[in-house]
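K.L.:
I am attaching a structure below and will ask some questions about it afterwards.
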DNA sequence: AACTCTATAGGCATATTGCACATAAGGGAG
DNA sequence: CTCCCTTATGTGCAATATGCCTATAGAGTT
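Residue numbers (this note's numbering), protein chains in the order written: chain X, 27 to 153; chain Z, 27 to 153.
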């Protein structure tokens with residue numbers, strides 16, 4: 027989070043890169059596993075995963091969805107029945123679920139690694 | 027981690043990007059806080075943070091060190107006293123320690139976010 | 001007619017990293 | 001002495017990932 031209030035450089039530091047790198051895809055897959063829906067709706071629901079509203083770049087989300095479709099993790103179909111502009115409805119595939127499981131393993135490993143780091147950190151900076 | 031044994035695509039999936047993104051810098055700073063040393067030695071000691079030997083790209087480490095010096099998080103001085111090729115000895119600065127503290131905050135936030143994700147994941151995939 | 005909300009998407013720049021390669025000093029084997 | 005290995009530091013290039021800005025367009029509201 028790197029609150030840039032005060033002492034260290036006014037502009038930016040490399041730890042300020044929130045949201046987390048490579049965290050969007052697993053969140054989208056988990057949301058799509060709950061229910062099929064479209065990109066704009068997914069964006070509205072990303073706050074649940076710590077993506078503050080406005081922080082989430084729509085372009086990035088749509089690009090992820092198209093790429094996941096290319097990789098056959100999701101499928102899409104246009105929905106023009108409701109009012110308003112056409113929505114592209116996304117649905118997770120079996121392969122998408124597998125990748126989601128792989129993500130869970132990866133993220134669990136990352137969590138462990140961060141915990142190990144923080145233990146060492148606290149050892150070197152007690153109090 | 028994404029063990030690619032079996033069902034899902036033979037080539038690669040986007041969760042396979044181990045080691046973690048943006049994790050090298052805090053590890054280097056923490057090691058340098060213990061004791062001043064040079065890049066090659068840091069590389070030897072990165073295994074402690076889950077960087078498997080051989081997995082760590084030397085070029086990436088050296089580039090990080092040079093960039094951190096540019097940002098005044100570390101200072102360096104040549105050491106030609108010992109045998110072998112000259113070593114560039116790095117030392118963490120006060121600013122570097124501040125950034126390390128900021129990293130700890132960031133990583134703690136990331137850990138929490140991953141934990142929250144995994145809770146939701148387990149809710150949707152019990153058993 | 002103008003404005004807002006919903007909805008999707010592309011272009012461009014930047015950041016981060018991996019892989020391959022270049023350079024160079026010193027020590028040991030033959 | 002020469003070849004090779006280990007130590008030690010770096011560069012070049014490509015791929016990946018992301019942020020910001022902009023474009024498009026339907027539908028309802030003022």
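Note that CB positions come from ideal geometry on N, CA and C, so glycine has one too.
Since we're looking at a predicted model, the values are computed, not measured.
Starting from residue 52/X, find everything on chain Z with Cβ-Cβ shorter than 9 Å and list it in chain order.
P.N.:
Result: 41, 143, 147.
K.L.:
If we count the other Cβ atoms within 10 Å of its Cβ and call it buried at 16 or more, is residue 151/X buried or exposed?
P.N.:
When all chains shown are included, residue 151/X counts as exposed.
K.L.:
Can you confirm whether the region 63-72 of chain X touches the region 111-129 of chain X when touching is taken to mean that 3 or more C-beta pairs between the two stretches lie within less than 8 Å?
P.N.:
They touch, by the three-pair rule.
K.L.:
Can you name the start and end residues of the beta strand (DSSP E) that residue 117/Z belongs to?
P.N.:
Residue 117/Z -> beta strand (DSSP E) spans 113-118.
K.L.:
Classify residue 104/X as buried or exposed, calling it buried when 16 or more other Cβ atoms lie within 10 Å of its own Cβ.
P.N.:
Residue 104/X comes out exposed.
K.L.:
Applying a beta-carbon distance threshold of less than 9 Å, which residues of chain X neighbour residue 73/Z?
P.N.:
Within 9 Å Cβ-Cβ: nothing; residue 73/Z doesn't reach chain X, min ~12 Å.
K.L.:
Buried or exposed for residue 139/Z, please, with buried defined as at least 16 other CB atoms from any protein chain shown within 10 angstroms of its CB.
P.N.:
So residue 139/Z ends up on the buried side.
K.L.:
Cβ of residue 50/Z within 9 Å of Cβ of residue 87/Z?
P.N.:
Contact: yes.
K.L.:
Please list the terminal residues of the continuous alpha helix (DSSP H) segment that includes residue 86/X.
P.N.:
From DSSP, the alpha helix (DSSP H) with residue 86/X extends over 84-96.
K.L.:
With burial defined as no fewer than 16 other Cβ atoms inside 10 Å of the residue's Cβ, what is the status of residue 76/Z: buried or exposed?
P.N.:
Buried is the call here.
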